[in-house]
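Working notes, beginning with the structure itself.
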Amino acid sequence: MKFLTTLSILIISVIFLHAQTSLDKSLEHNQINRTYSIYIPATYDGIEAVPLVFNLHGYTSNSAQQELYTNFKPIADTANFILVHPNGTSESGAQFWNVGFFPSNVDDVGFLETLIDTISENYNIDLDRVFSTGMSNGGFMSYLLACESDRFTAVASVTGSMTQLNYDNCNTVKPIPAMQIHGTNDPTVPYEGTQQFLHVDSVVSFWVNHNNCDDEPVIIDIDNISPNDGTNTIHYTYSGGDEGSSVELYKVINGGHTWPGAPFSIGPTSQDFNASKVIWEFFSKYPKTVSSTNTISNQSKDLQINVFPNPAREILNIEKKNDSQAYAQIFNAKGQKVTETFFEYSTQLDISKLPEGIYMLLIQSDEIVISKKILVQ
Numbered sequence: 014m015k016f017l018t019t020l021s022i023l024i025i026s027v028i029f030l031h032a033q034t035s036l037d038k039s040l041e042h043n044q045i046n047r048t049y050s051i052y053i054p055a056t057y058d059g060i061e062a063v064p065l066v067f068n069l070h071g072y073t074s075n076s077a078q079q080e081l082y083t084n085f086k087p088i089a090d091t092a093n094f095i096l097v098h099p100n101g102t103s104e105s106g107a108q109f110w111n112v113g114f115f116p117s118n119v120d121d122v123g124f125l126e127t128l129i130d131t132i133s134e135n136y137n138i139d140l141d142r143v144f145s146t147g148m149s150n151g152g153f154m155s156y157l158l159a160c161e162s163d164r165f166t167a168v169a170s171v172t173g174s175m176t177q178l179n180y181d182n183c184n185t186v187k188p189i190p191a192m193q194i195h196g197t198n199d200p201t202v203p204y205e206g207t208q209q210f211l212h213v214d215s216v217v218s219f220w221v222n223h224n225n226c227d228d229e230p231v232i233i234d235i236d237n238i239s240p241n242d243g244t245n246t247i248h249y250t251y252s253g254g255d256e257g258s259s260v261e262l263y264k265v266i267n268g269g270h271t272w273p274g275a276p277f278s279i280g281p282t283s284q285d286f287n288a289s290k291v292i293w294e295f296f297s298k299y300p301k302t303v304s305s306t307n308t309i310s311n312q313s314k315d316l317q318i319n320v321f322p323n324p325a326r327e328i329l330n331i332e333k334k335n336d337s338q339a340y341a342q343i344f345n346a347k348g349q350k351v352t353e354t355f356f357e358y359s360t361q362l363d364i365s366k367l368p369e370g371i372y373m374l375l376i377q378s379d380e381i382v383i384s385k386k387i388l389v390q
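Throughout the sequence shown, residue numbering follows our numbering, covering 14 to 390 in sequence.
Here it is in structure tokens:
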């Protein structure tokens with residue numbers, strides 16, 4: 014039986030403080046200490062499963078610089094998603110993501126997948142809405158994730174491209190909505206590409222063909238509301254792809270190696286649109302699958318679970334009507350799992366050593382999930 018990921022369902026709201034939280038964290042992956050920052054918006058309550066957005070820095074940059082330059086936090090606050098800024102490694106002498114430019118054995122795909130698991134163990138993440146964006150090398154990395162990982166729903170690249178190696182070996186079978194934002198005068202990652210990486214138009218064509226989108230895009234000129242920035246932008250949308258997927262290109266005429274709408278300029282920067290905002294608008298359209306699931310109330314009826322007594326003191330009894338295997342877990346008010354068990358028709362959970370208080374019981378069976386508050390006294 015396939016069980017849902019532990020914390021992709023409801024957890025009581027008292028687990029989390031209703032305040033913005035920025036945390037600097039680390040984990041060990043393949044014997045390398047990897048660091049990242051995570052931002053929890055004030056709107057996050059632990060009850061509703063929320064999207065997870067990775068924002069990847071460029072070559073020689075870092076998570077703090079990417080966070081400041083792209084300014085995603087206000088969007089996370091209003092849209093209620095958890096925002097992660099990971100760091101690459103410095104094996105080449107400068108911090109980078111391993112997309113094949115340098116001889117390296119660093120497994121950044123594995124690291125970012127492990128990071129998804131780590132975060133979803135501690136926060137209520139909607140695993141059907143995990144996204145990656147990034148600038149330059151971070152954009153290259155986002156496309157590598159689209160090709161080599163099945164954990165990401167959609168990707169967006171700003172001033173990045175696809176390496177020839179990634180293009181030749183991209184073997185993903187599912188549709189991946191993709192957005193590309195690129196300046197035609199980018200001196201670092203030229204729009205026309207090089208021997209190492211693709212022309213931006215070729216990147217767009219690759220994902221249009223992969224997703225089976227319409228050949229002809231809808232083309233819109235973005236209003237030139239900041240004529241003094243020296244740029245203008247053409248927006249291409251290729252829709253009609255498999256499972257509702259699409260591909261979008263923001264072609265910034267005369268734009269440089271920059272993030273449109275950034276709070277400060279490091280080169281020719283369009284202020285006619287905000288890249289972070291349009292990226293989230295793009296991401297927000299997509300779950301990983303188009304199929305819908307039952308509501309909690311319907312799931313509860315189908316599973317027919319009886320939990321007693323409640324309040325409880327020493328033993329908590331769980332009974333259900335069918336013989337399918339089920340997985341029961343109890344979480345405390347800090348979101349920590351305090352006990353768990355697999356069972357078929359019934360089970361008894363020993364709660365005699367638990368401190369008094371409110372707990373959340375989560376039961377999963379046949380991909381049906383129910384939750385119930387338990388009072389231990």
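Glycine residues also receive a C-beta, built at the ideal position from the N, C-alpha and C atoms.
| message | List, from N- to C-terminal side, the beta strand (DSSP E) runs of 3 residues or more that fit wholly inside the region 231-316. | response | 231-234, 245-251 and 260-266
| query | How should A55 be labelled, buried or exposed, when 16 other C-beta atoms within 10 angstroms of its C-beta is the threshold for buried? | reply | On the sequence shown, position 42 is the one that residue 55 refers to. Answer is exposed; the Cβ neighbour count stays below 16.
| message | Measuring straight from C-alpha to C-alpha, what distance separates D1 and L65? | response | The question about residue 1 has no answer, for the chain in this structure spans 14 to 390.
| task | Please check the pair N267 and T201, which I expect to be a contact at CB under 8 Å, by giving their CB distance rounded to whole angstroms. | result | On the sequence shown, residue 267 is found 254 positions in, with the first residue counted as 1. On the sequence shown, residue 201 is found 188 positions in, with the first residue counted as 1. Actually they do not touch by this definition, with Cβ atoms about 15 Å apart.
| query | According to the Cβ coordinates, are I279 and Y82 closer than 9 Å? | reply | As a first step, residue 279 is located in the sequence shown; it is residue number 266 there, counting from the start. As a first step, residue 82 is located in the sequence shown; it is residue number 69 there, counting from the start. Taking 9 Å as the Cβ cut-off, I279 and Y82 qualify as a contacting pair.
| message | Here's a check: name, in chain order, each residue in its chain whose Cβ is nearer than 6 Å to the Cβ of I194, leaving out the five neighbours to either side. | response | Position 181 of the sequence shown holds residue 194. Only V171, Y263 and A288 meet the Cβ criterion.
| So which of R164, V122, S174 and G151 has the shortest CA-CA distance to S133? | Locating residue 133 in the sequence shown gives position 120, counting from the first residue. If we check each option's Cα against that of S133, R164 comes out closest.
| Is the beta carbon of S384 less than 9 Å from the beta carbon of S337? | On the sequence shown, position 371 is the one that residue 384 refers to. On the sequence shown, position 324 is the one that residue 337 refers to. Cβ atoms of S384 and S337: not closer than 9 Å.
| said: Buried or exposed, going by whether 16 or more other CB atoms sit within 10 Å of the CB of V213? | reply: Numbered from 1 along the sequence shown, position 200 holds the residue referred to as residue 213. Buried, because 16 or more other Cβ atoms sit within 10 Å of the Cβ of V213.
| task | Let me know if I129 comes out buried or exposed under the rule of 16 or more other beta-carbons within 10 Å of its beta-carbon. | result | Residue mapping note: residue 129 aligns to position 116 of the sequence shown, counting from 1. Per the 10 Å Cβ criterion, buried.
| field | Per-residue DSSP class, three states only, for I45 | value | For the purposes of this step, residue 45 is identified with residue 32 of the sequence shown, where counting begins at 1. Note: I45 maps to strand in three-state DSSP.
| query | Cβ atoms of N137 and V97: under 9 Å apart, would you say? | reply | Within the sequence shown, numbered from 1, the residue matching residue 97 stands at position 84. Within the sequence shown, numbered from 1, the residue matching residue 137 stands at position 124. Not closer than 9 Å, so no.
| request: Note down the Cα distance separating F114 from H248, rounded to an integer number of angstroms. | output: Taking the first residue of the sequence shown as 1, we reach residue 114 at position 101. Taking the first residue of the sequence shown as 1, we reach residue 248 at position 235. Taking the straight line from one Cα to the other gives about 30 Å.
| query | If you run the structure through DSSP and keep just helix, strand and coil, what is K386? | reply | Walking along the sequence shown from the start, residue 386 turns up at place 373. It is a strand residue.
| query | Exposed or buried, F321, counting other C-beta atoms within 10 Å across all chains shown (16 or more means buried)? | reply | Within the sequence shown, numbered from 1, the residue matching residue 321 stands at position 308. It is exposed - the Cβ of F321 has fewer than 16 other Cβ atoms within 10 Å.
| field | Euclidean distance between Cα positions of Q108 and V217 | value | If you number the sequence shown from 1, residue 108 lands on position 95. If you number the sequence shown from 1, residue 217 lands on position 204. Their Cα atoms are separated by approximately 27 Å.
| Quick one: what does DSSP say D141 is sitting in, helix, strand or coil? | In the sequence shown, the residue the question calls residue 141 occupies position 128. DSSP places D141 in strand when its eight states are reduced to three.
| According to the Cβ coordinates, are D285 and P273 closer than 9 Å? | The residue labelled residue 285 in the question sits at position 272 within the sequence shown. The residue labelled residue 273 in the question sits at position 260 within the sequence shown. Taking 9 Å as the Cβ cut-off, D285 and P273 qualify as a contacting pair.
| message | Could you check whether the region 85-104 touches the region 37-56, counting it as contact only if at least three pairs of C-beta atoms, one from each stretch, sit closer than 8 Å? | response | yes
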